[in-house]
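Following: one structure in C-alpha cells, then a few remarks.
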Amino acid sequence: MKKFRKVLDGLTTSSPVSGGGGTVGSPSCGSAAGTPTTAPTPREIDVQETLVSENFQLCKTVRHGFPYQPTALAFDPVQKILAIGSRSGGVRILGRPGVDCYCQHESGAAVLQLQFLINEGALVTACADDTLHLWNLRQRRPAVLHSLKFNRERITFCHLPFQSKWLYVGTERGNTHIVNIESFILSGYVIMWNKAIELSTKTHPGPVVHLSDSPKDEGKLLIGFESGTVVQWDLRAKKVDFRIYYDEAIHSVSWHHEGKQFMCSHSDGSLTLWNLRNTTKPFQVTFPHGKIQKDGRKESCKPILKVEYKTSRSSEPFIIFSGGLSYDKAGRRPTLTIMHGKAITVLEMDHPIVEFMVLCETPYNNEVQEPYAVVVLLEKDLIVVDLTQSNFPVFENPYPMDVHESPVTCTAYFADCPPDIIPILYSIGAKHKKTGYSQKEWPISGGTWTLGSHTYPEIIITGHADGSIKFWDASAITLQMLYKMKTSKVFEKPKGGDTGDDDPFAVQMVSWCPQSRIFCVVGIAAHIILYRFSKYDANTQIVSLEVRLQCETEDVISPSETENNPCFSEPGPHSPHHQHASSPRGGTPEGMKDSCLKVKERSVRVPPGYQAELVVQLLWVDGEPPQQITSVDINSAYGLLAFGNCNGLAVVDYLQKTILLCMSTLDLYGSSDPYQRLTRSPRRNRQSTSEFCMRGLSNFYSDSKKRIRTSYQSLTELSDNQQSIDMERSRSPTSESRENSFSRSRSSSVSSIDRDTKEAITTLQFGESFARKNDLIPTPCLWVGTSLGVVLLIPMSIPTDQEERMEESVTMGPGGAVLMLKGSVLRFGFLDCVGTLIQSPYEVWRDPNAPEDPDRLRRRKLVHFSPSSSQDTCGEGHLAVVCSERQAKVFLMPSQSCLFVHNITESSFVLRADIVSVCNSVCLACFCANGHVMTLSLPSLRPLMDVNYLPLTDMRIARTFCFTNGGQALYLSSPTEIQRITYSQEMCDNLQEMLGELFTPIETPEAQNRGFLKGFFGGNSNNFDREELFGEAAAGKASRSLAQHIPGQAGMEGMKVAASGVVGDLARARIALDERGQRLGELEERTALMMTSAEVFSKHAHEMMLKYKDKKWYQL
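The working numbering applies: residue 49 is where the sequence shown begins, and numbers increase by one.
In C-alpha cells:
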C-alpha cells in the first residue's frame, strides 16, 4: 500500500517526461503539447492505493472454440476423453462439459498423429519435425515428460497396442522402429524395409502407412506400405509370414476382431478384403460408389482415405469409410459412408473430413467391437454420429465449436454482470435451438469438473461478418452460447446482391449496457442499430434516421468564406428536427443517395429477446460511401447515442428519435482549436480523407477487404511483418501529423488541411462531469477523444422530469474544456477524490412490452453516480483518467490541471486500454502493438506489470483484444478460437481449482473369457513377452545417431522449484554427460555400422558361393 498525499500550491510546473516506463515523481500541470493550464485551487487529494506488483501475474486460462486447422484425432475408450491435434502444434483435450484443456508444443510443428496410453493418463504425439512427445495427463495442466527426436528418418505412422509399453513407429524409408514408452528410448529391434519385402522386388515399397498387431496373435505385426504392399511380420522369428501385393496404393487397413481377415482402402476408391488362408489375391473387391458405365467399365472414384471394419453381436458388421465418391459429380460435398449389412448410408458433411474414429465398447481388439458412435473431425467442425439408431442422428455438441460459424469481427467482455441477465438470455435462446439430435448422452464424458468458489457472472459478446451477434455465458472459465440474434433481419433483402459488398451486415463494434439491457450495434456499412430487450413478442415499427456526416463538395470555396459556415448539411450545430439532412442549396443533391441497406418500413413481428427500435444510417454523397464509424457510446439514463468517424460527430436522442448534433471535428473546437486551423476544402482532400478512414481504426476491412470477407483464413495468411506494417500505416499518418502539430506554425495552409483530414473521433463517453473550469456542480457531459490527442468536453442540458424529457429537446453544444495528449485518445475513466471508480449513470431495465398496470404509472428509474457524492470528505470535483496510444494522464476536474502523466510507450503504440477493477481497486490495463501487456496504478500511474506476452501481433488480435474486471482479458488467438488470459495473481493461484481433471481413476475392463478351444487354437498371444524381444538384453542398443532423447521440461508444476536446487543441478549435469557421451559414441556407432555391413556382405557372399558351388557353368 502506498499513500499519495499531494498538496497543489497553485504553481504551474512542467511534466517530467519519463522514458518508456518511468513514473512521474510529482504532480504536474500543463500538457505535453505545451498548452499550460491554470493552476488549480489549493486542495488536498488523499488517495490510498492498495495495488502492488505482487497482485499481478499474466497467464493463459482457457481456450474456447474449434481447434484451428486440425490434423489428428485420438480417443481413450476407457477414460472417454478426446484429443485433437492442429497444424500449429496445439493439442486440445476434451471430456465432459467443463473439461477442456489446451496444450502447445514449443516447436510449433504440426501434429501428425495422436496415441493415448489407454487408461494410463498419458498421450503420445508425433509431430512434423519427426519428434515424439509423451504428455502427462494426470495433472490439470499437462506437461511433456519425454521427447524423442528422429534425426535420419521421417515419422509417418505410429501404433501403440493396448496395455503395451512398446510403441511401433513407421518411417518414410519404410523401416519400423520400436520405442519404450516408459523411458522413451529406442529399442535395438528394427524391422528394415528390405527384410520385409522379397529380395527379388526391385522397387522400394514406400513409406509405412499402417501398423497394427494381429488380434489373433500379438506377436504378429501387420505393416502396410504406401505402394500397396502389406506384410505380416513375425516378431519372435524375425521373419515375414506372408506378403500381399496390390496394384493400388494403400491408405488404411482395419482388422476383423477374430484376426482372420482384414480390409484395406485404396487410392482408386476400392475396398479389398483379405483372408489369411489365401493371401495371393483379395477375398473380395468392392467399389462402394463406383457404378458400371455403359461400356462395362467401372467409373473412376476418389481415394478412400480411411476405413474401419467393426463387428457387432446383434447385427451385421459396420464398414465405415471416408471418400470414395466418383469423379464425375463435381461439387459434391465430402461424405462419410456407413455400410451396415446391405444398407448403405451416405452422410454429407459441410466441410472436408480430416479424420474420423469409431467409438467401441471394448478397448480389446480381439473382442466383438460393438461400435456405438463415430467421431468425425472436419476442417471447421466436430460432429459425433449415433450408430445405435438406424437413421444415424448426430449428438448435440456441448462444446462451443461454432464460434467461427461466421468470421468473428469484434468482441466484448463483461465480468460481474447482473446475476439475472444470464438465465433470461438462456431461456430465450433455448427456444430457438435446433432439434433432431440423438437422445443419448454425449459419449465424450471423461474427466471431472466442479464449479469453483471464485465464480461470478461473465458474458462474452461476439460480432460476426454476416451481421449476427452471439451472447456467451463465460462464467467459471467455461463457454456456452446463450442467445443469438441477426442484425440483417432489420433490413430488406437486397435484390440480386445489389449491395456492392460481400458482407454488408458485418459487425464492426458493439456497445452494451447490462443494467438497462440497451444494446447498440455498429455495422461496416456505416449504420447503427439500437436494440431494447423484452421478454414478450411484439409488433414493432423500426424508426430510421439518416445522417449526412459528410462534406459537401461545392459548399466550401475558400477558407475565408467558410470560417463561420460548417461543411455539414445542418444550418447550425443543432439540428434536432432534421431526420433526413438536406443541402443548404435546397432539395436533395443529385449525387446523394440512400444507404445500400434499406430498413424495413412495414410493421414486423419480433420474437422475445432483443428487438430493434432505431436504425441510424450515414448517407452516400456524390456516389461515395460514407466513412466508417470509428467510435460509439450509448447512455440509457440520458437517452442519448453518440457516434463519430473521421469526418465528425453526431448525437442522437433515441427517446425522441431526433438528431441533436451533427458537426465536423473542426467545428467542435469553436474558438478553442489548439492548432489554430482553418476550415478545410473538401474538394482538395477527399481522396486522402477516404484513404485515412479506410486505413484507420477500421483497418479490419482495409485493402485486403475482399480476401478477408471471402475467407476468414486470410486473416492469418497475411505475414506478421505485413500486418504490423499495415497497422503502422493505419496509425502513422496520425502520428506524423502529431509530431508536426505540436508546433503552432501555420507556414502552409496545405499542412493545415492535411492535419485536419486525419482527425477522427476515436472514443466517446457520457458521464457526469465539469465541462468548464468555473462549474460548481457536475452536469451531463460528453467526453470526445480524437486521433490528434485532443479531448473535448461537450456540456448537455437534459430535462429531469420524465414527461418533459419526452417533449422538450436536449440542448448541447461545444464550448467545454480542451485537453491534450500524445497519440490518439483511446479511453476515458472517472474516479472520485478517494480513488473509487465512478460508473456512468444508467436506467434500470423495464420491459417495454410488459402488460401495463392501470393503477401504476410506468416511470423511468435512473441510477446516478455523481462525483459530488463524496464532496463531504474531499470537496467537489473528480479525477479524469485519459489514455491515448502513447501516454496516460490524470486530470483534476473542474480545474483541468494535470496531476499525473505517464508515457506508456515510445517505440510502439497502445491498441487497447481499459480501466478495470482488480482486487477491490482499480487500475489502467493496456495492450500494445509490440505485444506488451501492462497495468498502471490509479491515479498515480505507477507501472505495476509489464509483460512481453505476444511478440508478434496481427490485426485479428488487435481487433479483438479486450480487458474486463476481475483481472481477465481475451482475444481471438486464431480465426476459430478465443483465448482467455488473466493478469491477476489471485486468479492464477485459484486456476488449478477452476480447471477440470483430465484423468479419473477407472478400473480397466477385464478381457472376455475366450474359452478353452479358442485359447488353444487361437495362438500364443498370451505368452508373448515384448520385453524379451525389444529389451536391451535381447535387442541391444539402438544407434545414438538415429534418435535423440530429450527430457521433459519438469513434468509437474511443483518440480520447477526443485529444478533450481540440487536435483536440478544433477539433472543438468546428467544432460551434459549424455551430450558428451553422444558425441564420443558417434565414432563407435559408425565403426559398428561398418562392421555390420562387412558381416552382411560376407554372409551374402558365402550364401552365393554355397548356392553355385556344385553347378556347372551352363546351369547358371
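Glycine included, each C-beta is placed from N, C-alpha and C at the ideal position.
All values reported here derive from a predicted model rather than from experimental measurement.
Reference residue 841; option with closest CA among 858, 814 and 825: Numbered from 1 along the sequence shown, position 793 holds the residue referred to as residue 841. For residue 841, the closest of 858, 814 and 825 by C-alpha to C-alpha distance is 814.
Where does residue 512 land, buried or exposed, given buried means 16+ other C-beta within 10 angstroms? As a working mapping, residue 512 is identified with position 464 in the sequence shown. In this structure residue 512 is buried. Its beta-carbon is surrounded by 16 or more other beta-carbon atoms within 10 angstroms.
Is residue 214 helix, strand or coil by DSSP? If you number the sequence shown from 1, residue 214 lands on position 166. Residue 214 falls in the strand class under three-state DSSP.
Determine, using beta-carbon pairs with one atom in the segment 379 to 395 and one in the segment 1028 to 1039, whether at least three such pairs fall under 8 Å. Counting Cβ pairs under 8 Å, fewer than three are found: no touch.
Near residue 918, which residues of its chain fall below 7 Å by C-beta distance, leaving aside the five closest residues on each side in sequence? Residue 918 sits at position 870 when you count from the first residue of the sequence shown. Caution applies to residue 918, whose pLDDT of 45 falls short of 50 and renders its modelled position unreliable; the value that the coordinates give is listed next. Result list for residue 918: 880, 881 and 882, in chain order.
Which residue marks the beginning of the alpha helix (DSSP H) containing residue 162, and which one marks its end? To locate residue 162, count along the sequence shown from 1; it is residue 114. Looking at the DSSP string, residue 162 is not in any alpha helix (DSSP H); the run it does join, the beta strand (DSSP E), is 159 to 165.
Closest residue to residue 665 among 122, 578 and 966 (Cα-Cα distance): Start at 1 with the first residue of the sequence shown, and residue 665 comes out as number 617. Measuring from the Cα of residue 665, the nearest candidate turns out to be 578.
If I measure Cβ to Cβ from residue 106 and keep anything under 8 Å in the same chain, skipping five residues before and after, which residues do I get? Position 58 of the sequence shown holds residue 106. Within its own chain, the residues whose Cβ lies closer than 8 Å to the Cβ of residue 106, once the five positions on either side in sequence are excluded, are 981, 993, 995, 997, 1029, 1030 and 1031, listed in chain order.
Just the Cα atoms here: how many angstroms apart are residue 955 and residue 833? Counted from its first residue, the sequence shown places residue 955 at position 907. Counted from its first residue, the sequence shown places residue 833 at position 785. Spanning the alpha carbons of residue 955 and residue 833 requires a straight line of approximately 22 Å.
Rounded separation between residue 438 and residue 181 - CA only: Taking the sequence shown and counting its residues from 1, the one referred to as residue 438 is at position 390. Taking the sequence shown and counting its residues from 1, the one referred to as residue 181 is at position 133. Their backbone Cα atoms lie some 40 Å apart in a straight line.
DSSP three-state assignment for residue 435, whether helix, strand or coil: Within the sequence shown, the letter at position 387 stands for residue 435. If DSSP states are grouped into helix, strand and coil, residue 435 belongs with coil.
Is residue 449 closer than 8 Å to residue 236 when the C-beta atoms are compared? The count along the sequence shown starts at 1 and reaches residue 236 at position 188. The count along the sequence shown starts at 1 and reaches residue 449 at position 401. It is not a contact, given that the beta carbons lie outside the stated cut-off.
Alpha-carbon to alpha-carbon, residue 507 and residue 523: Locating residue 523 in the sequence shown gives position 475, counting from the first residue. Locating residue 507 in the sequence shown gives position 459, counting from the first residue. Straight-line Cα distance between these residues: approximately 7 Å.
Following the continuous alpha helix (DSSP H) through residue 521, name the residue where it begins and the one where it ends. What you label residue 521 is simply residue 473 of the sequence shown in a count that begins at 1. Note, residue 521: premise wrong, no alpha helix (DSSP H); beta strand (DSSP E) at 516 to 521.
Assess, as a yes-or-no matter, whether the segment 455 to 472 is touched by the segment 973 to 992 under the definition of 3 or more beta carbon pairs within less than 8 Å. Touching, no, given that fewer than three Cβ pairs across the two stretches are closer than 8 Å.
Please go through the same chain and pick out, in chain order, the residues whose beta-carbon is closer than 7 Å to the beta-carbon of residue 531, but skip the five residues on each side of it. Counting from one through the sequence shown, the residue named residue 531 turns up at place 483. 473, 476, 477, 519 and 657, listed in sequence order.
Cα separation between residue 637 and residue 864? If you number the sequence shown from 1, residue 637 lands on position 589. If you number the sequence shown from 1, residue 864 lands on position 816. Confidence in residue 637 is poor, its pLDDT being 43 and thus under 50, which makes the residue's placement too unreliable to answer from.
Find out if the Cβ-Cβ distance for the pair residue 710, residue 808 is shorter than 8 Å. Translated into positions along the sequence shown, residue 710 becomes position 662. Translated into positions along the sequence shown, residue 808 becomes position 760. Cβ distance not < 8 Å, so residue 710 and residue 808 don't count as in contact.
Applying the criterion that 16 or more other CB atoms from any shown protein chain within 10 Å of the CB defines a buried residue, is residue 892 buried or exposed? In the sequence shown, counting from the first residue as 1, residue 892 sits at position 844. Label assigned to residue 892: exposed.
Top-ranked residue by Cα proximity to residue 101, from 1041, 1046, 691 and 1033: As a working mapping, residue 101 is identified with position 53 in the sequence shown. Among 1041, 1046, 691 and 1033, the Cα nearest to that of residue 101 is on 1033.
Exposed or buried, which one is residue 824 when buried takes at least 16 other CB atoms within 10 Å? Within the sequence shown, residue 824 is the residue found at index 776, counting from 1. Flag for residue 824 reads exposed.
Could you give the residue range of the beta strand (DSSP E) that holds residue 447? Indexing the sequence shown from 1 puts residue 447 at position 399. That residue, residue 447, is in no beta strand (DSSP E); it is neither H nor E in DSSP.
Reference residue 176, options 691, 203 and 313, closest by Cα: Translated into positions along the sequence shown, residue 176 becomes position 128. That would be 203, whose Cα lies nearest to the Cα of residue 176.
What does DSSP give as the partner residues of residue 346 in its beta bridges? Position 298 of the sequence shown, counted from the start, is the residue given in the question as residue 346. The secondary-structure analysis by DSSP pairs residue 346 across a beta bridge with 340.
Measure the alpha-carbon distance for residue 792 versus residue 723 and round it to whole angstroms. Here residue 792 refers to the residue found at position 744 of the sequence shown. Here residue 723 refers to the residue found at position 675 of the sequence shown. Its pLDDT being 30, under 50, residue 792 is placed unreliably in this model, and the coordinates cannot settle the point.
Rounded to whole angstroms, what's the CA-CA distance from residue 554 to residue 958? Just pull it up for me. Taking the first residue of the sequence shown as position 1, residue 554 is located at position 506. Taking the first residue of the sequence shown as position 1, residue 958 is located at position 910. Approximately 25 Å, taken between the alpha carbons.
Evaluate residue 1150 with the Cβ neighbour count: other Cβ atoms within 10 Å of its Cβ, from every protein chain shown; 16 or more gives buried, anything less gives exposed. Numbered from its first residue, the sequence shown carries residue 1150 at position 1102. Residue 1150 is classed as exposed because its beta carbon has fewer than 16 other beta carbons within 10 Å across all chains shown.
Which word fits residue 1075, buried or exposed, when buried means at least 16 other C-beta atoms lie within 10 angstroms of its C-beta? Counting from one through the sequence shown, the residue named residue 1075 turns up at place 1027. By the 10 Å Cβ count, residue 1075 comes out exposed.
Given residue 563 as reference, the closest of 580, 551 and 178 once Cα atoms are compared: The sequence position of residue 563 within the sequence shown is 515, counting from 1. With distances taken between Cα atoms, residue 563 lies closest to 580.
Under the assumption that residue 595 contacts residue 661 (Cβ atoms under 8 Å), give the Cβ distance between them as a whole number of angstroms. Within the sequence shown, residue 595 is the residue found at index 547, counting from 1. Within the sequence shown, residue 661 is the residue found at index 613, counting from 1. That pair is no contact at about 17 Å.
Of the choices 1054, 1137, 1022 and 1078, whose alpha-carbon is the least far from that of residue 117? If you number the sequence shown from 1, residue 117 lands on position 69. Relative to residue 117, the option among 1054, 1137, 1022 and 1078 whose CA is nearest is 1022.
Three or more C-beta pairs closer than 8 Å, one from the segment 1009 to 1020 and one from the segment 455 to 463: is that the case here? Counting Cβ pairs under 8 Å, three or more are found: they touch.
What did DSSP end up calling residue 702 once you bin it into helix, strand or coil? Taking the sequence shown and counting its residues from 1, one reaches residue 702 at position 654. Three-state result, residue 702: coil.
DSSP three-state label for residue 815, please. As a first step, residue 815 must be located in the sequence shown, where it is residue number 767. Annotated three-state conformation of residue 815 is strand, per DSSP.
Helix or strand or just coil, what does DSSP make of residue 877? For this step, residue 877 is matched to residue 829 along the sequence shown. For residue 877, the three-state secondary structure derived from DSSP is strand.
Kindly confirm or deny that the segment 270 to 283 and the segment 253 to 261 touch, where touching means at least three C-beta pairs closer than 8 Å. The segment 270 to 283 vs the segment 253 to 261: in contact.
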